[in-house]
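In this text, residue positions in the sequence shown follow the UniProt record's numbering: the first is 1, and each later residue adds one. We put the CB at the ideal spot given by N, CA and C, even for glycine. Here is the structure we will look at, set down as structure tokens.
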Amino acid sequence: MSPSSYHDEKDAFRVTEDEAPPAYSGRYYTDKYSTQPALLRSVSGTVLQIENRQRHRQTLRRILLVTAVIAAALFLGFSSINNLDQEASSILRSFFGPDHIPGRQSSHKHHTNKASTYHTCPATPDFLSCHLPGAPTNSVDTCCVNAPGGQLLLAQFWDFAPAVGPSDKWTLHGLWPDNCDGSYEQFCDSTRIVNSIETIFQTAGATELLTSMRETWKSNSGNDDSLWTHEWNKHGTCISTIAPKCYGPEENVTAPMVEYFARAVDLHMTLDTFSALADAGIVPAWDLKFNKTDIIDAIRSVSDGHNVTLGCTRSGVLSEVWYHFNVKGRAQDGEYIFTEPDGIKDSCPETGIKYFPKVYRHRKPVSPPPSTPGSEPFIGKGYVIINDGSQGCIISGGEWYSSGTCATIRGSVSEFGGVELRSSRGPCAVSEKGRLVCGHGVQPAQFTVGEDGELLYGGIATWGAYQRATGWLKEGLWNGKWAEQLQLPVEVKLFWRAL
């Protein structure tokens with residue numbers, strides 16, 4: 001089929017389950033950004049309680065406001081009442097804040113898809129993200145430029161088995177902030193963790209946005225809301241320009257969520273990956289294979305000549321693409337400027353990449369088949385060893401130990417990509433202070449695996465300790481930036497030894 005005719009014959013890319021070759025395997029995504037939330041709170045237990053408290057505070061402010069107006073009138077004289085904005089207004093604003101004077105209402109009271117104007121930023125942004133001055137981050141207005149996660153990644157899925165979305169469209173995975181060096185923050189604000197984005201948006205009246213999300217932001221599990229909620233909890237809470245402090249008191253609960261998702265959908269709609277590939281003769285097929293350079297060259301027509309990051313399944317099937325941006329201004333309404341990847345590595349081979357048609361099933365989607373134990377690092381049963389294993393291993397609580405028996409760790413593919421680990425004590429995760437822990441009641445984190453088989457968390461492979469574990473001494477391990485902050489002198493990497 002020629003590239004010029006693929007739009008008219010897009011049904012050629014639609015394949016039923018019966019027509020699929022018997023050797024095709026389920027989708028495995030290489031999502032370095034996927035981890036389970038460390039804390040889940042119900043919408044009724046978080047959002048509604050916050051809104052109730054805000055209403056009570058608003059009522060108290062109105063009572064105090066009336067009292068203050070009377071006092072101001074007596075002080076300034078009744079002749080000054082008509083000039084309240086010039087005199088009394090300044091007194092009231094200094095006490096109550098600018099959004100509590102009559103006639104000045106929050107721009108997001110009805111939660112429309114419009115960027116907040118509560119926090120004033122320069123009409124011409126001072127900085128481009130990832131190009132901030134050498135001064136500390138606290139000298140930069142993080143409501144006006146995203147920091148430290150200055151590079152924004154727009155990730156798209158090609159869900160081919162089971163098929164998700166139209167046969168000639170890539171779907172949206174998420175909008176992620178990176179730290180300009182390949183590392184990233186995640187689950188940055190436990191107070192804003194929610195259970196259902198869909199419920200929040202329905203309550204807020206963001207129905208138009210929900211309609212767009214249902215068409216473009218799809219989960220292969222069949223539960224789109226689960227994917228949306230995960231993306232907000234993990235990535236949305238880490239974008240500094242949509243932090244609560246950047247919004248008025250009446251809008252800082254749901255408005256940042258609405259603006260995050262609206263910006264991601266709008267950006268995704270400008271990136272037609274399928275057409276870019278098809279125009280270069282790269283179309284879904286069972287019997288074709290492609291070179292990585294050809295795929296990236298084709299997508300450069302969309303990314304303004306810049307490279308993108310590709311994601312492939314373990315069997316080399318194209319499944320994901322990440323576009324990289326620096327942003328001039330706020331993430332929710334600033335100018336997105338294409339840039340080169342920030343140091344992260346793709347997961348596709350140089351040659352022989354497959355690009356399968358979408359396989360449509362007439363029943364509920366099923367999970368991918370389990371991996372063969374030992375076939376992949378951190379999948380199945382094994383030991384988590386320190387460096388080459390001669391310096392010890394991880395025991396059941398997550399500590400580094402050099403004597404005795406290593407803990408048997410069970411690894412599995414997690415729902416949103418990456419791997420989950422579990423010891424006899426319970427799931428393993430990285431605590432809020434950066435320490436590796438395993439135990440009962442711990443919400444499992446999703447780790448990823450580096451090119452050399454090392455265990456990554458937040459895109460970082462290094463782990464630090466106060467000293468080397470020797471004899472019967474157990475040592476804790478801290479990941480990446482936490483180890484740097486603590487200035488830990490010992491640096492190690494963690495690897496897998498399958499059983």
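query                                                                                                                                                                                            : result
Compute the distance between the beta-carbons of arginine 425 and tryptophan 478, then report whether it is under 7 Å.                                                                           : no
How about tyrosine 457 and valine 430: do their beta carbons lie closer than 7 Å?                                                                                                                : yes
CA-CA distance, leucine 494 and alanine 285?                                                                                                                                                     : 39 Å
Would you kindly check if the distance between the Cβ of phenylalanine 338 and the Cβ of serine 303 is under 7 Å?                                                                                : yes
Measuring only between beta-carbons, confirm whether glutamate 259 sits less than 7 Å from chain C.                                                                                              : Protein chain content of the structure displayed is limited to a single chain, and chain C is not contained in it.
Just to confirm my understanding: we take threonine 142, look at its own chain, exclude 5 residues before and 5 after, and list those with CB closer than 6 Å. What are they?                    : Ser240
Assuming glycine 397 contacts glycine 439 (C-beta within less than 8 Å), just tell me the rounded distance between them.                                                                         : 6 Å
Can you check whether the CB of leucine 455 is closer than 7 Å to the CB of glycine 382?                                                                                                         : no
Looking at the structure shown, is serine 423 part of a helix, part of a strand, or coil, going by DSSP?                                                                                         : strand
Taking Cβ to Cβ, would you say serine 412 is nearer than 7 Å to glutamate 420?                                                                                                                   : yes
Do you know how far the Cα of cysteine 238 is from the Cα of asparagine 179?                                                                                                                     : 11 Å
Identify, in the order they occur along the chain, each residue of the same chain with its Cβ nearer than 7 Å to the Cβ of arginine 27, setting aside the five sequence neighbours on each side. : Because arginine 27 carries a pLDDT of 33, less than 50, the predicted location of this residue cannot be relied on, and the following value inherits that uncertainty. Hits under 7 Å: Asp159, Phe160, Ala161, Asn220, Thr313, Ser319, Pro368.
Bridge partners for aspartate 181 per DSSP, in chain order?                                                                                                                                      : Looking at the DSSP assignment, aspartate 181 forms no beta bridge with any residue, so it has no partner.
Kindly identify the DSSP beta-bridge partner or partners of arginine 435.                                                                                                                        : Trp478
Quick one: residues in its chain with C-beta nearer than 6 Å to the C-beta of isoleucine 163, no 5 flanking neighbours on either side, listed in chain order?                                    : First, the amino acid is wrong: residue 163 is alanine here, not isoleucine. Excluding sequence neighbours, alanine 163 sits near Lys358, Val359, Tyr360.
CA-CA distance, glutamate 350 and serine 402?                                                                                                                                                    : 39 Å
According to DSSP, simplified to helix, strand and coil, what is glutamine 485?                                                                                                                  : helix
Quick one: residues in its chain with C-beta nearer than 7 Å to the C-beta of arginine 497, no 5 flanking neighbours on either side, listed in chain order?                                      : Gly382, Tyr383, Ile385, Gly389
What are the boundary residues of the beta strand (DSSP E) that includes glutamine 151?                                                                                                          : 151 to 157
According to DSSP, is serine 412 part of a helix, a strand, or is it coil?                                                                                                                       : strand
Mark phenylalanine 157 as exposed unless 16 or more other C-beta atoms lie within 10 angstroms of its C-beta, in which case mark it buried.                                                      : buried
Rounded to whole angstroms, how far is the Cβ of alanine 155 from the Cβ of histidine 173, which I believe are closer than 8 Å?                                                                  : 4 Å
Apart from the five residues just before and just after valine 492, which ones in its own chain have a Cβ nearer than 6 Å to its Cβ?                                                             : Ile386, Asn387, Trp463
From what residue to what residue does the alpha helix (DSSP H) around threonine 203 run?                                                                                                        : 197 to 204
Quick check: lysine 354 and valine 308, are their CB atoms within less than 7 Å of each other?                                                                                                   : no
Check residue 503 in the structure and name its three-state DSSP category.                                                                                                                       : The question about residue 503 has no answer, for the chain in this structure spans 1 to 499.
Could you check where the alpha helix (DSSP H) with arginine 214 kicks off and where it finishes?                                                                                                : 207 to 216
In or out: alanine 278 buried (at least 16 other Cβ within 10 Å) or exposed?                                                                                                                     : buried
Just to confirm, is the Cβ distance from arginine 468 to valine 437 under 7 Å?                                                                                                                   : no
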